Amino acid sequence: MNRQTKSEPFQESLSEADVEAFLRATPDFFERHLSLLEVLRLPHPTHGAVSLVERQMGVLRERNRHLERKLGDLIQLARENEQLSANLHHLGLGLLRADSLDSVLATAREQLRDEFKADEVVVRLIGQSGEGAPYSRPADDPGLTHFTGFFERRRPVCGRVDRGQLDWLFGSETAEQLGSAVMIPFYDAEPLGVLALGSRDAARFQPGMGTLFLGHLGELVGTAVSSRLGRI
1010 MNRQTKSEPF
1020 QESLSEADVE
1030 AFLRATPDFF
1040 ERHLSLLEVL
1050 RLPHPTHGAV
1060 SLVERQMGVL
1070 RERNRHLERK
1080 LGDLIQLARE
1090 NEQLSANLHH
1100 LGLGLLRADS
1110 LDSVLATARE
1120 QLRDEFKADE
1130 VVVRLIGQSG
1140 EGAPYSRPAD
1150 DPGLTHFTGF
1160 FERRRPVCGR
1170 VDRGQLDWLF
1180 GSETAEQLGS
1190 AVMIPFYDAE
1200 PLGVLALGSR
1210 DAARFQPGMG
1220 TLFLGHLGEL
1230 VGTAVSSRLG
1240 RI
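The sequence shown runs 1010 to 1241 under our numbering.
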């Protein structure tokens, strides 16, 4: 008589990926097995082994701190944008009151220096209008070769600017003292000129700065200049 042996139950091993997939698919698993939370221990870089609950609480606290910092950054950015909007509004009013081209340029220089924290502000017009004035440059000025790509891109540039461009805009003596700058093109049908802000602080104007407000600034000054030149 043959003895029938009882077969052992089949044990299928689970991989770590299987366990992870299971826990992701059943996020309420530990709610039904609360006692496991007291048994499971996780390594902690500074406190040795801690329970899963303690580790979760630590992760959540760190996440909250990160969100608080991010919220603080967003609030600060909103305040800065609000101030920029107010500065642009103030500048626009000043340009509307200006009754001549010289007055437009003087208003732009004064307000941009005071309200946009620039050490140097210049406007360079291209063409024959205002010929002989310190702000005017002829259309065939050799220095304009430094700006070919700049006018083709039609957008502001922030940060460290090419030295040839700085020399043409500010003069070599002043350019040597500047750590960072902003160049803003403005147009009529053709390039009309350049508005430039310079700072001795290398960190004042950074390449990563948003250019939306700078574009608006160029449009304001460009429109005011064009109107005083009788072009619009």
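The beta-carbon is built from N, C-alpha and C at its ideal position, and this holds for glycine as well. Note that the structure is predicted; figures quoted are calculated from it, not measured.
Using three-state DSSP, classify residue i as helix, strand or coil.
| i | result |
| --- | --- |
| Pro1036 | coil |
| Ser1145 | strand |
| Gln1215 | coil |
| Gly1158 | helix |
| Leu1187 | coil |
Between which two residues does the alpha helix (DSSP H) carrying residue i extend?
| i | result |
| --- | --- |
| Gly1224 | Leu1221 to Arg1237 |
| Ser1024 | Neither: Ser1024 is in no alpha helix (DSSP H) and is coded neither H nor E. |
| Gln1174 | Arg1172 to Phe1179 |
What does DSSP give as the partner residue(s) for residue i in the beta ladder?
| i | result |
| --- | --- |
| Met1192 | Val1166 and Ala1205 |
| Pro1200 | Tyr1196 |
Just to confirm my understanding: we take residue i, look at its own chain, exclude 5 residues before and 5 after, and list those with CB closer than 7 Å. What are they?
| i | result |
| --- | --- |
| Trp1177 | Gly1152 and His1155 |
| Leu1032 | Phe1038 |
| Val1170 | Ala1190 and Met1192 |
| Glu1119 | none |
| Tyr1196 | Gly1231 |
| Phe1222 | Leu1093 and Leu1097 |
Enumerate in chain order the residues of its own chain whose CB-to-CB distance from residue i is below 8 Å, with the five nearest sequence positions on each side excluded.
| i | result |
| --- | --- |
| Asp1027 | none |
| Ala1198 | none |
| Val1113 | Leu1104, Ala1107, Val1230, Ala1233, Val1234 and Arg1237 |
| Thr1220 | Arg1164, Pro1165 and Cys1167 |
| Ser1208 | Lys1126, Ala1127, Asp1128, Glu1129, Leu1187, Gly1188, Ser1189, Ala1190 and Phe1214 |
Apart from the five residues just before and just after residue i, which ones in its own chain have a Cβ nearer than 6 Å to its Cβ?
| i | result |
| --- | --- |
| Val1166 | Met1192 |
| Lys1079 | none |
| Asp1210 | Gly1188 |
Of all the CB atoms in chain B, is at least one closer than 8 Å to the CB of residue i?
| i | result |
| --- | --- |
| Gly1168 | Looking at the structure shown, chain B is missing, and only one protein chain is on hand. |
Where in the stretch 1066 to 1141 do unbroken runs of the alpha helix (DSSP H), each at least 4 residues long, occur, reported from the N-terminal end onward? 1110 to 1124
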